[in-house]
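*Asks:* Sharing a structure here in structure tokens format.
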Amino acid sequence: MQDDYRENFDAIERAWQERWRCTRAAAAPRIPGRRKFYCLEMLPYPSGRLHMGHVRNYSIGDAVARFYAMRGYDVLHPMGWDSFGMPAENAAIKHGTHPARWTNENIAAMASQLRRLGFAYDWEREIAAHRPAYYRWTQWFFLKMLERDLAYRSRRLVNWCSSCQTVLANEQVEGGRCWRCESEVGRRELDQWSLRITAYAEELLADLASLPGWPDKVLAMQRNWIGKSEGAMVRFPIVEAGGAPGGEALEVFTTRLDTIYGCTFCVVAPGHPILARVEAGGRHRARLDEFLGRMGNREVARPGAAPEEKEGVDTGIEVVNPYSGARVPVHVANFVVMGYGTGAVMAVPAHDQRDFEYATRYRLPIRTVVLDERGIPAASPPSAMVEDGRLTESGPYTGKGSEEARREMLRAGEKAGMARPLVQYRLLDWGISRQRYWGTPIPVVYCNACGVVPVPESDLPVLLPEDVALTGEGGSPLARLASFVETRCPRCAGPARRETDTMDTFVDSSWYFYRYCDPSNEKAPFDPEVVAAWFPIDLYIGGIEHATLHLIYSRFFAKVLRDLGLLRLDEPVRTLLCQGMVLKGGSAMSKSRGNTVDPDEMVRRFGADTTRLFTLFAAPPEKDLEWNEQGVEGCFRFLEKTWRLLAPRFTTLARAPFPAPGDGGDDPRRAALRRKIHQTIDKVTVDLEKRLHLNTPVSALMEMLNAMQDFVSEFREGDDPYLKEAARTLALLLQPLAPHMSEELWSRLGGEGSAGRQPWPEARPEWLREDEVEIVVQVNGRLRGHLRAAVSLTEDEAIRRAREDARVEAHLAGRTIRKTIYLPGRLLNIVAQ
RNA sequence: GCCGGGGUGGCGAAACUGGUAGACGCAAGGGACUUAAAAUCCCUUGACCCUCUGGGUCAUGUGGGUUCGACUCCCACCCCCGGCACCA
Numbered sequence: 018m019q020d021d022y023r024e025n026f027d028a029i030e031r032a033w034q035e036r037w038r039c040t041r042a043a044a045a046p047r048i049p050g051r052r053k054f055y056c057l058e059m060l061p062y063p064s065g066r067l068h069m070g071h072v073r074n075y076s077i078g079d080a081v082a083r084f085y086a087m088r089g090y091d092v093l094h095p096m097g098w099d100s101f102g103m104p105a106e107n108a109a110i111k112h113g114t115h116p117a118r119w120t121n122e123n124i125a126a127m128a129s130q131l132r133r134l135g136f137a138y139d140w141e142r143e144i145a146a147h148r149p150a151y152y153r154w155t156q157w158f159f160l161k162m163l164e165r166d167l168a169y170r171s172r173r174l175v176n177w178c179s180s181c182q183t184v185l186a187n188e189q190v191e192g193g194r195c196w197r198c199e200s201e202v203g204r205r206e207l208d209q210w211s212l213r214i215t216a217y218a219e220e221l222l223a224d225l226a227s228l229p230g231w232p233d234k235v236l237a238m239q240r241n242w243i244g245k246s247e248g249a250m251v252r253f254p255i256v257e258a259g260g261a262p263g264g265e266a267l268e269v270f271t272t273r274l275d276t277i278y279g280c281t282f283c284v285v286a287p288g289h290p291i292l293a294r295v296e297a298g299g300r301h302r303a304r305l306d307e308f309l310g311r312m313g314n315r316e317v318a319r320p321g322a323a324p325e326e327k328e329g330v331d332t333g334i335e336v337v338n339p340y341s342g343a344r345v346p347v348h349v350a351n352f353v354v355m356g357y358g359t360g361a362v363m364a365v366p367a368h369d370q371r372d373f374e375y376a377t378r379y380r381l382p383i384r385t386v387v388l389d390e391r392g393i394p395a396a397s398p399p400s401a402m403v404e405d406g407r408l409t410e411s412g413p414y415t416g417k418g419s420e421e422a423r424r425e426m427l428r429a430g431e432k433a434g435m436a437r438p439l440v441q442y443r444l445l446d447w448g449i450s451r452q453r454y455w456g457t458p459i460p461v462v463y464c465n466a467c468g469v470v471p472v473p474e475s476d477l478p479v480l481l482p483e484d485v486a487l488t489g490e491g492g493s494p495l496a497r498l499a500s501f502v503e504t505r506c507p508r509c510a511g512p513a514r515r516e517t518d519t520m521d522t523f524v525d526s527s528w529y530f531y532r533y534c535d536p537s538n539e540k541a542p543f544d545p546e547v548v549a550a551w552f553p554i555d556l557y558i559g560g561i562e563h564a565t566l567h568l569i570y571s572r573f574f575a576k577v578l579r580d581l582g583l584l585r586l587d588e589p590v591r592t593l594l595c596q597g598m599v600l601k602g603g604s605a606m607s608k609s610r611g612n613t614v615d616p617d618e619m620v621r622r623f624g625a626d627t628t629r630l631f632t633l634f635a636a637p638p639e640k641d642l643e644w645n646e647q648g649v650e651g652c653f654r655f656l657e658k659t660w661r662l663l664a665p666r667f668t669t670l671a672r673a674p675f676p677a678p679g680d681g682g683d684d685p686r687r688a689a690l691r692r693k694i695h696q697t698i699d700k701v702t703v704d705l706e707k708r709l710h711l712n713t714p715v716s717a718l719m720e721m722l723n724a725m726q727d728f729v730s731e732f733r734e735g736d737d738p739y740l741k742e743a744a745r746t747l748a749l750l751l752q753p754l755a756p757h758m759s760e761e762l763w764s765r766l767g768g769e770g771s772a773g774r775q776p777w778p779e780a781r782p783e784w785l786r787e788d789e790v791e792i793v794v795q796v797n798g799r800l801r802g803h804l805r806a807a808v809s810l811t812e813d814e815a816i817r818r819a820r821e822d823a824r825v826e827a828h829l830a831g832r833t834i835r836k837t838i839y840l841p842g843r844l845l846n847i848v849a850q
């Protein structure tokens with residue numbers, strides 16, 4: 018049965034996918050002068066199977082890409098693979114396969130799933146991070162950064178995930194846990210490579226203002242993450258054994274220099290170098306050691322740890338407040354972290370909540386130095402007075418406002434050499450060394466004679482060796498491979514050792530979208546001219562989880578590439594769309610929860626069009642989407658109804674002529690149908706182009722189909738051309754949302770070529786305009802009646818007509834009309850009292 | 001605590017620059033077709049009330065305000081979700 022969609026959808030979809038595969042154009046270059054649209058979805062990690070989150074992400078992107086193609090844009094819509102990373106290595110350890118094999122098989126499987134969903138990607142531009150032709154350039158960028166001192170090696174305290182056996186960047190620690198495996202993250206001191214993202218901190222922050230197309234949420238998260246604070250670095254000279262201040266000082270960072278006269282002690286983090294001064298065997302030493310011992314491993318900063326009760330001990334060290342001259346004790350306590358500022362703070366209990374709590378607990382003096390605007394000391398347990406105000410008991414600054422005092426105190430402090438202005442960021446440099454195998458090798462060697470030597474560009478790529486033993490025992494697998502490690506120094510030809518750490522995979526994904534523009538360039542990562550023609554990315558779609566990961570790294574890379582002369586813009590992404598999660602039973606789909614829905618099964622039961630349609634229809638893109646199988650059936654029914662209505666008429670409609678543009682106006686049914694067609698075109702176009710709403714276009718098409726059904730239910734001689742016009746329009750409007758149905762309808766209705774290559778239909782103003790409209794009649798703003806009239810109806814005439822309505826008149830009874838508000842063609846409001 | 005986003009029927013949602021609140025879909029109820037079921041088609045469906053082929057009142061988290069008119073703008077508050085967090 019040809020008119021049974023249920024029997025036919027699979028064959029229809031497969032046939033079109035086959036045709037798309039054969040007819041796909043060779044990687045199209047930009048045509049100068051034409052408008053371009055770069056539509057990009059975040060590239061997936063090749064885990065082996067698509068999940069519904071992918072399907073949703075790509076359905077949104079594909080709809081937009083197909084729409085812009087029909088609107089006459091040159092569209093770039095590529096796909097690739099973020100194919101380095103730990104899961105491949107873990108799978109290899111577990112199953113005894115090689116990560117490369119596992120990865121390549123997964124890519125093949127997922128690519129075929131993507132094809133079965135009918136996504137229109139330009140596969141000739143496909144890239145994969147693990148292919149040498151790609152990671153060669155990842156290494157090249159690293160060398161360029163090394164040249165510019167944007168990559169450096171240092172011994173630093175790093176986040177260590179013992180389960181993943183590797184270092185994590187700060188961005189990869191979430192609430193003290195590993196972003197991938199959720200195990201608790203420890204700290205280790207290691208030599209590792211970092212990228213100097215902090216060199217761009219100010220610009221990364223400032224340029225957020227130039228991204229109106231980004232969600233406020235992401236802008237806020239990045240602003241937060243960069244965490245700029247302006248303040249002062251102040252030197253507190255250390256009192257030496259003899260009792261006089263010596264040359265050495267404790268440096269503290271403060272944003273509240275105005276409160277410094279209220280500093281009654283200082284606090285350093287456990288692990289602060291000043292603690293070495295506490296004499297062995299002294300009474301302070303014993304208590305200090307007891308305290309540090311109790312802190313256990315946590316003698317160093319733990320980003321993301323939950324606040325706990327303030328606890329600390331007096332170190333016996335004293336420092337001098339350079340402003341007031343007061344001698345204050347130095348404590349070590351658990352609420353100061355080593356990873357921010359200098360790991361030391363001046364404590365002003367009257368005006369800082371943490372200091373207040375600590376001082377209260379240990380009965381340390383609390384000195385009020387800022388009064389509120391009424392001149393009242395406002396610190397009262399359990400809270401410190403943390404607002405700005407007017408200074409008191411602050412020597413020459415008494416009586417000044419906080420703001421002014423900060424300025425003047427800083428100026429004076431600078432002159433005296435005891436303070437200097439400092440802008441502090443929360444953002445830290447990006448540690449990229451990973452002690453794992455399946456990643457881009459870091460292209461440097463260590464020579465006994467020459468030290469750290471970059472691998473010459475001409476020797477790139479440093480190939481990742483294949484014959485490696487993956488045991489999962491820890492330590493970098495490459496380090497155990499002599500044939501890789503042992504090499505010659507490129508500078509002196511003497512014996513040297515290769516770096517055996519690999520790069521964080523976020524390095525790979527920080528520049529991939531440029532490579533799509535010029536995917537097979539062997540001389541450079543890309544031709545700047547070609548990239549300039551396609552950039553910026555017009556729409557970038559992905560999950561919010563990358564707000565302070567990929568999306569901040571990519572912005573950093575863009576700025577570096579710009580400074581290398583490869584890029585002509587400051588920001589790579591114009592509009593960012595963060596799609597919501599796909600939920601089932603109220604929570605995110607996950608294997609561990611057992612609430613996943615398999616895309617393949619959906620495609621088998623309902624087809625790609627239905628699966629895609631549902632992910633677009635069920636919720637606006639940025640909201641979470643609750644998977645609802647009955648909703649899926651609803652979308653299937655829509656396609657089924659479309660098919661049932663048109664399939665029996667394919668031959669007739671294919672042969673029928675189109676109505677002339679002005680025809681049908683004299684027949685209310687035909688006029689209504691044509692009006693609906695053009696209103697639908699208008700609605701779908703505006704929603705796709707201006708609002709990026711994808712649920713309402715689906716509704717609009719459902720409404721249009723309902724109108725077509727009504728039209729057919731009273732079908733008359735000579736109606737064919739009108740139905741044909743509606744059906745052909747429906748076929749085209751469906752292209753972004755349900756492309757297979759779109760193509761099938763188009764060809765069965767006698768359309769030439771592919772529906773996807775047709776120009777997008779245009780709403781004709783003469784059919785959008787309704788000659789006779791319904792005008793709402795209100796009395797005192799409340800709906801009391803309607804009248805059908807021409808748009809040109811005058812206000813007086815409208816009032817006269819409205820008052821013919823008994824209902825309106827009843828509400829006016831006994832009242833005087835004060836005024837009327839008339840919106841021609843819309844509404845009449847009679848205000849009466 | 002700070003920052004961001006939200007609170008609309010039984011549910012997912014819609015309402016463009018303030019102008020008919022609830023489009024579209026799901027679910028539910030009733031009916032037609034059928035021996036029956038499925039499928040399909042038609043009707044009803046925010047709540048309450050009345051003198052019930054009609055009409056009224058209330059209703060978009062709560063309380064105020066602006067306006068002829070407020071889901072939409074302003075003020076205050078409550079709740080939910082997300083992010084950050086001893087950041088000095």
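According to the numbering used here, the first sequence is numbered sequentially starting from 18.
Beta carbons are placed, not taken as given, at the ideal position from N, Cα and C, and that holds for glycine.
1) What number of angstroms, rounded off, separates the C-alpha of residue 361 from the C-alpha of residue 191?
2) Say whether the region 130–141 touches the region 70–79, bearing in mind that this needs 3 or more beta-carbon pairs closer than 8 Å, one atom from each stretch.
3) Excluding five sequence neighbours on each side, which residues of the same chain lie with their C-beta closer than 7 Å to the C-beta of residue 910?
4) Under three-state DSSP, which class holds residue 402?
5) Would you list, in sequence order, the uninterrupted alpha helix (DSSP H) runs of no fewer than 4 residues that lie entirely inside the region 699–747?
6) Examine the Cβ distances between the region 283–298 and the region 329–338 and report whether three or more of them are shorter than 8 Å.
7) In chain order, what residues of the same chain have a beta carbon less than 7 Å from the beta carbon of residue 734, not counting five sequence neighbours either side?
8) For residue 840, name the three-state secondary structure that DSSP assigns.
9) With distances taken between CB atoms, is the gap from residue 81 to residue 53 smaller than 9 Å?
10) Can you name the start and end residues of the beta strand (DSSP E) that residue 94 belongs to?
11) How long is the line joining the alpha carbons of residue 403 and residue 372, rounded to whole angstroms?
12) Count Cβ pairs between the region 147–161 and the region 555–573 that sit closer than 8 Å; are there 3 or more?
13) Please classify residue 760 as buried or exposed, where buried requires at least 16 other C-beta atoms within 10 Å of its C-beta.
14) Straight-line CA distance for residue 250 to residue 262?
15) So if DSSP puts residue 557 in a beta bridge, which residue, or which two residues, is it bridged to?
16) On the CB-based measure, 16 or more other CB atoms within 10 Å of its CB, does residue 319 come out buried or exposed?
17) Measuring straight from C-alpha to C-alpha, what distance separates residue 211 and residue 479?
18) Decide if residue 726 is buried, meaning its Cβ has at least 16 other Cβ atoms within 10 Å, or exposed.
19) Alpha carbon to alpha carbon, what distance is there between residue 221 and residue 140?
20) Between which residues of its own chain and residue 266 is the CB-CB distance below 7 Å, once the five residues before and five after are set aside?
21) Taking 8 Å as the limit between beta carbons, can you name the residues of its chain near residue 769, skipping five residues before and five after?
22) Go through the region 396–464 residue by residue and report every complete run of the alpha helix (DSSP H) that reaches 4 residues or more, in order.
23) Rounded to whole angstroms, what's the CA-CA distance from residue 702 to residue 389? Just pull it up for me.
24) Would DSSP call residue 271 helix, strand or coil?
25) Do the CB positions of residue 529 and residue 552 come within less than 9 Å of each other?
26) State buried or exposed for residue 615, treating a residue as buried only when at least 16 other CB atoms are found within 10 Å of its CB.
27) Is residue 314 buried or exposed, if buried means 16 or more other CB atoms sit within 10 Å of its CB?
28) Tell me, to the nearest whole angstrom, how far the beta carbon of residue 136 is from that of residue 62; I am working on the premise that it is less than 8 Å.
29) Could you give the distance in angstroms between the alpha-carbon of residue 755 and the alpha-carbon of residue 186?
30) What does the alpha-carbon distance come out to for the pair residue 476 and residue 208?
31) If you follow the beta strand (DSSP E) that residue 331 is part of, which residue opens it and which one closes it?
32) How would you write the range of the alpha helix (DSSP H) that residue 355 sits in, first residue to last?
33) Identify the residues that DSSP records as bridge partners of residue 520: which are they?
34) Based on Cα-Cα distance, which residue from 717, 743, 683 lies nearest to residue 675?
35) Would you call residue 428 buried or exposed, if buried means 16 or more other Cβ atoms sit within 10 Å of its Cβ?
36) Leaving out the 5 sequence neighbours to the left and right, which residues in its chain are closer than 6 Å to residue 199 when beta-carbon positions are compared?
*Replies:* Taking the definition as stated:
1) Cα to Cα, the separation comes out at about 25 Å.
2) The region 130–141, when compared against the region 70–79, does touch it at the 8 Å Cβ threshold.
3) Residue 910 falls outside the range modelled here, since the chain spans only 18 to 850, and no answer is possible.
4) The answer is coil: DSSP assigns residue 402 none of H, G, I, E or B.
5) Entirely contained in the region 699–747, the alpha helix (DSSP H) runs reaching 4 residues are, in chain order, 712–730.
6) For the pair of segments examined, the region 283–298 was found to touch the region 329–338: the number of CB pairs separated by less than 8 Å reaches three.
7) So no residue of the chain qualifies.
8) DSSP places residue 840 in strand when its eight states are reduced to three.
9) The answer is no: Cβ separation not under 9 Å.
10) Residue 94 -> no beta strand (DSSP E), and no H or E assigned at all.
11) Straight-line measurement puts the Cα of residue 372 at about 11 Å from the Cα of residue 403.
12) No, they do not touch.
13) With 16 or more neighbouring CB atoms inside 10 Å of its own CB, residue 760 falls in the buried class.
14) Rounded to whole angstroms, residue 250 to residue 262 spans 19 Å at the Cα level.
15) In DSSP, residue 557 forms a bridge with 57, 593.
16) In this prediction, residue 319 scores a pLDDT of 49, lower than 50, which makes its location untrustworthy; the coordinate-derived value is nonetheless stated afterwards. Looking at its Cβ environment, which holds 16 or more other Cβ atoms inside 10 Å, residue 319 is buried.
17) Taking the straight line from one Cα to the other gives about 19 Å.
18) By the neighbour-count criterion, in which 16 or more other beta carbons inside 10 Å mark a residue as buried, residue 726 falls on the exposed side.
19) In a straight line, the C-alpha of residue 140 is about 33 Å away from that of residue 221.
20) Taking C-beta separations shorter than 7 Å and ignoring five residues to either side along the sequence, the partners of residue 266 in its chain run 252, 253, 254, 255, following chain order.
21) Here the set comprises nothing.
22) Those alpha helix (DSSP H) runs which fall completely within the region 396–464 and span 4+ residues are 419–432.
23) Between residue 702 and residue 389, the alpha-carbon positions lie close to 57 Å from each other.
24) Residue 271: strand per DSSP, three-state reduction.
25) Going by C-beta atoms, residue 529 is not nearer than 9 Å to residue 552.
26) Residue 615 comes out exposed.
27) At residue 314 the pLDDT is 48, less than 50, meaning the model places this residue with poor confidence and gives no usable figure here.
28) That belief does not hold up - the Cβ atoms of residue 136 and residue 62 are roughly 17 Å apart, past 8 Å.
29) In this structure, the straight-line span from the alpha carbon of residue 755 to that of residue 186 is close to 41 Å.
30) Between the C-alpha atoms of residue 476 and residue 208 there is a straight-line separation of about 25 Å.
31) It spans 329–337 - the beta strand (DSSP E) in which residue 331 sits, taken as one unbroken run.
32) Counting along the chain, no alpha helix (DSSP H) covers residue 355, and no H or E run does either.
33) Residue 520 is bridged to 450.
34) Checked all of 717, 743, 683; the closest Cα to residue 675 is 743.
35) Exposed is the call here.
36) Hits under 6 Å: none found.
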